[in-house]
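Peer 1:
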Amino acid sequence: MSDAYLALEDGRVVEARGRVPGRTRGELVFTTAYTGYEESLTDPSYEEQVLTFSYPLIGNYGVRSERFESDRVHPRAAIAREFTEDVVEWLDEEGVPAIDHLDTRELVTSIREEGAMRCGLAVGPDATPEDAKAELDACQGMSEHVDIGAQVSVDEPTVYEGGSAATVALIDCGAKGSITESLLERDATVHVLPYDATPADVAAVDPDLLFISNGPGDPENFEAAEALVEEFVGDLPVAGICLGQQVVANALGGSTEKMAFGHRGVNQPVRDLETDRVVMTTQNHGYTVGEPGDRLSVTQVNVNDGTAEGLENEELGVITRQYHPEAHPGPNDSLDFFDDVLDLVSTDTPVATSD
871 MSDAYLALED
881 GRVVEARGRV
891 PGRTRGELVF
901 TTAYTGYEES
911 LTDPSYEEQV
921 LTFSYPLIGN
931 YGVRSERFES
941 DRVHPRAAIA
951 REFTEDVVEW
961 LDEEGVPAID
971 HLDTRELVTS
981 IREEGAMRCG
991 LAVGPDATPE
1001 DAKAELDACQ
1011 GMSEHVDIGA
1021 QVSVDEPTVY
1031 EGGSAATVAL
1041 IDCGAKGSIT
1051 ESLLERDATV
1061 HVLPYDATPA
1071 DVAAVDPDLL
1081 FISNGPGDPE
1091 NFEAAEALVE
1101 EFVGDLPVAG
1111 ICLGQQVVAN
1121 ALGGSTEKMA
1131 FGHRGVNQPV
1141 RDLETDRVVM
1151 TTQNHGYTVG
1161 EPGDRLSVTQ
1171 VNVNDGTAEG
1181 LENEELGVIT
1191 RQYHPEAHPG
1201 PNDSLDFFDD
1211 VLDLVSTDTP
1221 VATSD
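As structure tokens, then:
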């Protein structure tokens, strides 16, 4: 008898083996990464989602905390064809429901054909299909999670002392730890500020650079970060990664839209329009920049679907990437992004003030 049920928005209920008990719900998405499960599960961009691994065996090299991108597991639940005991023990300690022994190939195909969908899970000896359906009925769409930033951001400003190359105000909308590490490795000092930081909070840091991080959910729900870009652009260089690119685009007259099933994995090809060079990238996002507006130019595009992967305004000192240049997991093709960002920094750049 099955002890796990996955209720899908399309009406199906899938039976599986329960590995970690619980009841939960979220947006069902998949990643094509075949390594990096520790980094993926601790990526804040998966908040309020149920993560399906397309690779059949997850956990074959154990669990090591030094690979974590944050201090906890963020997906509401995890799904695989087969989880090893190491991962099951970890997810159990985290209280994150997990299921396996189901056809994840069919599940991934469904998501690709129908799009990311709401789902509900019921796992445990007493679980029933009705329990899973009840979770599904209570599940919100991603854009309805208007306060999702509060779930993944720091509560108070945190300073990471690096060097004198730059002082960076990193707005934490759900930042991966590797972003901070990449800046520290380049001799920057990083002030991590909450997702709802005010212009006065940023000005108090006296930064050389404003950096909007990655994060989960709809970029239109990150109004405070958008207001920061509006306030400081032209006075400070501005950079952004993933959600950060989307926030910057919205702030500068562009628009964003939800994708059918997003980009999640470590093998997304991106073409630079100036050099015609293609690099492989790590990505995790369900929204994208639809129109960049008049103030931003598209500098890089996704080879598969043509979506914007890089935006720039050289005069204003703005540079963004939709993918994760810091990788972790994934290829190191695009680490030079952080060098380009710090090249924007000028020691005599004024800092705008706020009333």
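Heads up: the sequence shown begins at 871 in our numbering, then just goes up one per residue. Just so you know, even glycine gets a beta-carbon here, dropped at the ideal spot from N, CA and C.
For the alpha helix (DSSP H) containing V1118, list its first residue and its last residue.
Peer 2: Here the question's residue 1118 lines up with position 248 in the sequence shown. Taken as a continuous stretch (DSSP letters only), the alpha helix (DSSP H) holding V1118 covers L1113 to A1121.
Peer 1: By the three-class DSSP mapping on this structure, what secondary structure does Y1157 have?
Peer 2: Taking the sequence shown and counting its residues from 1, the one referred to as residue 1157 is at position 287. Note: Y1157 maps to strand in three-state DSSP.
Peer 1: Give the single residue among G1176, G896, E1182 and A950 whose Cα lies nearest to the Cα of T974.
Peer 2: Reading the sequence shown from its first residue, position 104 is the one you call residue 974. Cα-wise, what sits closest to T974 is A950.
Peer 1: Within its chain, find whatever has a CB closer than 6 Å to the CB of P1220; leave out the 5 residues flanking it on each side and keep chain order.
Peer 2: One-based indexing of the sequence shown puts residue 1220 at position 350. With a pLDDT of only 44 at P1220, under 50, the local geometry of the prediction cannot be trusted, and the value read off the model is given with reservation. Hits under 6 Å: D1105.
Peer 1: Using only the alpha-carbon positions, how far apart do Q919 and N1202 sit?
Peer 2: The count along the sequence shown starts at 1 and reaches residue 919 at position 49. The count along the sequence shown starts at 1 and reaches residue 1202 at position 332. If I take the Cα positions, the gap works out to 26 Å.
Peer 1: For the alpha helix (DSSP H) that contains V1211, what are its first and last residues?
Peer 2: Here residue 1211 refers to the residue found at position 341 of the sequence shown. D1206 to D1213 is the extent of the alpha helix (DSSP H) around V1211.
Peer 1: Suppose the cutoff is 6 Å on Cβ atoms and the five residues either side in sequence are ignored; what does the same chain contact list for T1223 look like?
Peer 2: Along the sequence shown, one-based indexing puts residue 1223 at 353. Bear in mind that the predicted position of T1223 carries a pLDDT of just 44, short of 50, making it unreliable; the figure below should be weighed with that in mind. Cβ neighbours of T1223 beyond the five flanking positions: A1073.
Peer 1: Do V883 and A877 count as a contact pair if the criterion is CB distance below 7 Å?
Peer 2: As a working mapping, residue 877 is identified with position 7 in the sequence shown. As a working mapping, residue 883 is identified with position 13 in the sequence shown. Closer than 7 Å, so yes.
Peer 1: Is the beta carbon of A1178 sitting closer than 7 Å to the one on V1159?
Peer 2: As a position in the sequence shown, residue 1178 is number 308, starting the count at 1. As a position in the sequence shown, residue 1159 is number 289, starting the count at 1. Against a cut-off of 7 Å, the Cβ pair of V1159 and A1178 comes out as a contact.
Peer 1: Put V1075 into one of helix, strand or coil per three-state DSSP.
Peer 2: The count along the sequence shown starts at 1 and reaches residue 1075 at position 205. It is helical.
Peer 1: Go ahead and label Q1132 buried or exposed: buried means 16 or more other beta carbons lie within 10 angstroms of its beta carbon, across all protein chains shown.
Peer 2: Stepping through the sequence shown from its first residue, residue 1132 is reached at position 262. A small fix is needed here, since residue 1132 is Gly in this sequence, not Gln. By the 10 Å Cβ count, G1132 comes out buried.
Peer 1: Would you call the region 953-961 in contact with the region 995-1005, where contact means no fewer than 3 C-beta pairs closer than 8 Å?
Peer 2: no
Peer 1: Under 8 Å by Cβ, that's how I've got T1230 and R942 pegged, so tell me the actual separation to the nearest angstrom.
Peer 2: Nothing can be reported for residue 1230, as the shown portion of the chain is limited to 871 through 1225.
Peer 1: Please report the straight-line C-alpha distance between F1081 and I1041, rounded to a whole angstrom.
Peer 2: In the sequence shown, residue 1081 corresponds to position 211, counting from 1. In the sequence shown, residue 1041 corresponds to position 171, counting from 1. One C-alpha to the other measures close to 6 Å.
Peer 1: In the DSSP assignment, the alpha helix (DSSP H) including P999 goes from what residue to what residue?
Peer 2: Looking up residue 999 in the sequence shown gives position 129. It spans P999 to D1007 - the alpha helix (DSSP H) in which P999 sits, taken as one unbroken run.
Peer 1: Give the straight-line distance between the Cα atoms of V1062 and Q1138, rounded to the nearest whole angstrom.
Peer 2: To locate residue 1062, count along the sequence shown from 1; it is residue 192. To locate residue 1138, count along the sequence shown from 1; it is residue 268. C-alpha separation (whole angstroms): 28 Å.
Peer 1: Once you ignore the five residues that flank Q1170 on each side, which residues in its own chain have a CB closer than 6 Å to its CB?
Peer 2: In the sequence shown, the residue the question calls residue 1170 occupies position 300. Taken in chain order, the residues that qualify are V1140, D1142, E1179 and G1180.
Peer 1: From the DSSP output, in three-state form, read off R988 for me.
Peer 2: Within the sequence shown, residue 988 is the residue found at index 118, counting from 1. Strand, per DSSP.
Peer 1: Can you tell me the Cα-Cα spacing of F1208 and A1067, whole angstroms?
Peer 2: The sequence position of residue 1208 within the sequence shown is 338, counting from 1. The sequence position of residue 1067 within the sequence shown is 197, counting from 1. Cα to Cα, F1208 sits roughly 23 Å from A1067.
Peer 1: Provide the residue span of the beta strand (DSSP E) that contains G892, from first to last.
Peer 2: The residue you call residue 892 lines up with position 22 of the sequence shown. Looking at the DSSP string, the run of the beta strand (DSSP E) that includes G892 is G892 to T901.
Peer 1: Could you tell me whether the region 1117-1131 touches the region 1088-1103, where touching means 3 or more Cβ pairs closer than 8 Å?
Peer 2: yes
Peer 1: Any chance the region 900-915 sits against the region 923-937, with 3 or more Cβ pairs inside 8 Å?
Peer 2: Yes, they touch.
Peer 1: Starting from Y864 and walking both ways along the beta strand (DSSP E), at which residues does that stretch end?
Peer 2: The displayed coordinates of the chain run from 871 to 1225. Any statement about residue 864 would go beyond what the structure contains.
Peer 1: Whole angstroms are fine: how far does the CA of I969 sit from the CA of A886?
Peer 2: What you label residue 886 is simply residue 16 of the sequence shown in a count that begins at 1. What you label residue 969 is simply residue 99 of the sequence shown in a count that begins at 1. Taking the straight line from one Cα to the other gives about 6 Å.
Peer 1: Please state whether DSSP places E952 in a helix, a strand or coil.
Peer 2: Counting from 1 along the sequence shown, the entry for residue 952 is found at position 82. Looking at E952 - three-state DSSP - the assignment turns out to be strand.
Peer 1: Identify, in the order they occur along the chain, each residue of the same chain with its Cβ nearer than 7 Å to the Cβ of P967, setting aside the five sequence neighbours on each side.
Peer 2: To locate residue 967, count along the sequence shown from 1; it is residue 97. Counting only Cβ-Cβ distances below 7 Å, and skipping sequence neighbours, we find V890, P891, G892, T894, A947, L991 and V993.
Peer 1: What whole-angstrom Cβ distance do G1032 and D1057 have, given they're in contact under 8 Å?
Peer 2: Locating residue 1032 in the sequence shown gives position 162, counting from the first residue. Locating residue 1057 in the sequence shown gives position 187, counting from the first residue. The pair is a contact, with the Cβ atoms about 6 Å apart (cut-off 8 Å).
Peer 1: Applying the 10 Å Cβ sphere with the 16-neighbour rule, what's the burial state of A1039?
Peer 2: Here the question's residue 1039 lines up with position 169 in the sequence shown. The residue in question, A1039, is buried, as its Cβ has 16 or more Cβ neighbours within 10 Å.
Peer 1: Going by DSSP, name the residue or residues bridged to P995.
Peer 2: Residue mapping note: residue 995 aligns to position 125 of the sequence shown, counting from 1. Its beta-bridge partners do not exist; DSSP assigns none.
Peer 1: Which residues in the same chain have their Cβ closer than 7 Å to the Cβ of E964, if we skip the five residues on either side of it in sequence?
Peer 2: To locate residue 964, count along the sequence shown from 1; it is residue 94. So the qualifying residues of the chain are R942 and V943.
Peer 1: Any chance you could list the beta strand (DSSP E) runs of at least 3 consecutive residues sitting entirely within the region 911-959, in chain order?
Peer 2: 919-923 and 947-949
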